[in-house]
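Visitor:
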Amino acid sequence: MPYFSGPPTCRLCGEETTHGVTNSTNTLGNADRPYYACRCEGRKGFFSFDDYRGIQDENPPCNCGRPSRCVVRSMLSELYIEFLCATGVCDFKTLAGPDGSQSIIHPADIPELIDMGRI
Numbered sequence: 744m745p746y747f748s749g750p751p752t753c754r755l756c757g758e759e760t761t762h763g764v765t766n767s768t769n770t771l772g773n774a775d776r777p778y779y780a781c782r783c784e785g786r787k788g789f790f791s792f793d794d795y796r797g798i799q800d801e802n803p804p805c806n807c808g809r810p811s812r813c814v815v816r817s818m819l820s821e822l823y824i825e826f827l828c829a830t831g832v833c834d835f836k837t838l839a840g841p842d843g844s845q846s847i848i849h850p851a852d853i854p855e856l857i858d859m860g861r862i
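Numbers 744 to 862, taken from the working numbering, label the letters of the sequence shown in order.
See the structure below:
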């Protein structure tokens with residue numbers, strides 16, 4: 744079931760975002776996952792996923808006051824757990840988990856984290 748009732752508006756340019764589906768070869772556990780994107784201001788385009796994955800009540804609240812979305816982020820050859828605004832409406836982003844710690848994960852752990860609903 745989609746998270747949005749329609750394409751959200753980009754918080755940077757005010758234009759309607761476009762719907763897409765991630766590549767089936769995505770290695771971060773996001774293969775064939777629906778998302779919204781906006782290419783304003785030279786951005787890569789990603790805005791927000793269009794699903795409920797990674798949204799849990801115990802996640803840190805974003806600037807909108809709602810639970811954030813937990814995703815996997817690749818930085819400097821390491822995989823981290825990152826929390827983002829679940830809908831992309833605000834610019835909330837943190838590597839810190841609910842207890843203030845940062846989580847580095849192994850690629851082999853991604854399928855289990857998806858099955859658990861964490862990411």
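Glycine included, each C-beta is placed from N, C-alpha and C at the ideal position.
Is the CB-CB distance between arginine 812 and isoleucine 824 below 7 Å?
Guide: Cβ atoms of arginine 812 and isoleucine 824: not closer than 7 Å.
Visitor: Can you pull the DSSP bridge partners for glycine 763?
Guide: DSSP output for glycine 763 lists Tyr778 as bridge partner(s).
Visitor: When we look at the beta-carbon of asparagine 802 and count the other beta-carbons within 10 Å, is it buried (16 or more) or exposed?
Guide: The residue in question, asparagine 802, is buried, as its Cβ has 16 or more Cβ neighbours within 10 Å.
Visitor: Identify the continuous alpha helix (DSSP H) that holds isoleucine 857 and give its terminal residues.
Guide: From DSSP, the alpha helix (DSSP H) with isoleucine 857 extends over 853-858.
Visitor: Within the same chain, show all residues whose beta-carbon is closer than 6 Å to that of asparagine 806, passing over the 5 residues directly before and after it, in chain order.
Guide: Correct list, in chain order: Cys833, Phe835.
Visitor: Three or more C-beta pairs under 8 Å: does that hold for the stretch 845-854 against the stretch 748-767?
Guide: Segments in contact, no.
Visitor: Compute every distance between the C-beta of cysteine 828 and the non-hydrogen atoms of the ligand PLP, then say whether any falls below 6 Å.
Guide: In the structure on display, the ligand PLP does not appear, and there are no ligands present to speak of.
Visitor: Tell me whether cysteine 813 sits in a helix, a strand or coil according to DSSP, three-state version.
Guide: In this structure, cysteine 813 counts as strand in the three-state DSSP scheme.
Visitor: Run the CB neighbour count on valine 819, radius 10 Å, all protein chains shown included, and call it buried at 16 or more, exposed below.
Guide: In the sequence as displayed, the identity of residue 819 is leucine instead of valine. Exposed is the call here.
Visitor: With DSSP collapsed to three states, give me the class of proline 850.
Guide: In the structure shown, proline 850 sits in a helix (DSSP, three-state: H, G or I).
Visitor: Can you look up threonine 752 in the DSSP assignment and give me helix, strand or coil?
Guide: Of the three classes helix, strand and coil, the one that applies to threonine 752 here is strand, per DSSP.
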